[in-house]
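Reading through the structure tokens given below for one structure.
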């Protein structure tokens, strides 16, 4: 399935991820979530074999951040070509779309615009709808959010409504002019249906707040709001109407790891409650734990999606309302 999404070693001795260095002190309402590793080894670089899941029966609000890897300033050449070595996709399910392949523009301003697509086929039936104001479209396989940068426009977010996968990235650094997607994430009640998915009934986009309102098939709902995006990072504010219970994850990283030099994510770091420092280790043998902040990324170059961002899940809270912002002094 990673193939359709691509269409549209050093340890951390000198660990310097901007995402981690920018992490705030613990807030009074921070919740430590269970971090579960359900990854499995594979040889195909176009298959998502990495699953890092966060579980809590309390969490209503948290943040998702995508930040350029620590080595981005020294990266002179990127590589985002697909790697089909050792891949056999013959057994993947495929469903014809309800309408022929097409492209639609939902909404646009000078700074942002939102575009939807149907593909010739997809691995799941196309049932979820996408709404912007009075316009409702059923069967879209991909929706893109574009943002105007300093010199041109960049795709900064994509969502696949039919299986609940999201990809986000900051604006590219000026010296590259482009940066890759890499890892995906799932938001909402995570189900296992051949692979981890989130079953969405409808997504409604609000242009005024740059928010995606999700109605899940199990009756719950949630919102992802674009809080910030620049040439360093992208931040999404995530809110759930109700906590995700029954041991299901409410957010998960989905990615790829073959080797230390061929991956989209290779390392994980946890900010554990009461610990004096970060716990850092290779991702594949990671045995799980409890954390208030979870970083997943790379400390050294990969031949696959070299510029793709690190991902951070953080600021888990049972309070759906964000804390008041401090007043600016005159």
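Residue numbers (our numbering): 1323 to 1652.
Cβ coordinates follow ideal geometry from the N, Cα and C atoms, glycine included.
Practice item. Alpha carbon to alpha carbon, how far is residue 1604 from residue 1468? Give it in angstroms, no decimals. Key: 33 Å
Exercise for review: Answer yes or no: do residue 1561 and residue 1387 have a C-beta to C-beta separation smaller than 8 Å?
Suggested key: no
Point to revise | Residue interval of the beta strand (DSSP E) (run including residue 1632) | key: 1632–1639
Exercise for review: Under 8 Å Cβ to Cβ from residue 1644, same chain only, skipping five residues before and after it: list those, please.
Suggested key: 1383 and 1559
Review point. Bridge partners of residue 1441, per DSSP?
Key: DSSP output for residue 1441 lists no bridge partner at all.
Review point. By Cβ distance, which residues of its chain are closer than 8 Å to residue 1542, with the 5 residues on each side in sequence left out?
Key: 1510, 1511, 1562, 1563, 1564 and 1566
Practice item. Within its chain, find whatever has a CB closer than 8 Å to the CB of residue 1639; leave out the 5 residues flanking it on each side and keep chain order. Key: 1349, 1351, 1352, 1353, 1381, 1382, 1383 and 1384
Review point. If residue 1476 and residue 1464 are in contact, beta carbons under 8 Å, what's the gap, nearest whole angstrom?
Key: That pair is no contact at about 16 Å.
Check your understanding: Going by DSSP, what residues sit across from residue 1424 in a beta bridge?
Key -> 1440
Point to revise | Sequence-distant residues of the same chain with beta carbon closer than 8 Å to residue 1538, five excluded per side | key: 1510, 1511, 1520, 1521, 1522, 1523 and 1544
Check your understanding: Roughly how many whole angstroms lie between the Cα atoms of residue 1457 and residue 1536?
Key -> 16 Å
Review point. Taking the alpha carbon of residue 1487 as the point to measure from, which residue in 1473, 1498, 1506 and 1528 has its own alpha carbon closest?
Key: 1506
Check your understanding: Secondary structure at residue 1611, three-state DSSP: helix, strand or coil?
Key -> strand
Review point. Who are the Cβ neighbours of residue 1531 in its own chain at under 7 Å, not counting the five residues just before and after it?
Key: 1547
Review point. In angstroms, rounded to a whole number, what distance separates the CA positions of residue 1378 and residue 1473?
Key: 42 Å
Point to revise | Residue environment, residue 1462, which counts as buried when at least 16 other CB atoms sit within 10 Å | key: buried
Point to revise | The beta strand (DSSP E) enclosing residue 1448, as first and last residue numbers | key: No beta strand (DSSP E) contains residue 1448, which DSSP labels as neither H nor E.
Point to revise | residue 1452 versus residue 1614 - alpha carbon distance | key: Computed Cα separation, rounded: 32 Å.
Review point. Ends of the beta strand (DSSP E) at residue 1600?
Key: Per DSSP, residue 1600 belongs to no beta strand (DSSP E) and is neither H nor E.
Exercise for review: Name the residue from 1364, 1356 and 1358 whose alpha carbon lies nearest to the alpha carbon of residue 1585.
Suggested key: Comparing Cα-Cα distances from residue 1585 to each of 1364, 1356 and 1358, the minimum goes to 1364.
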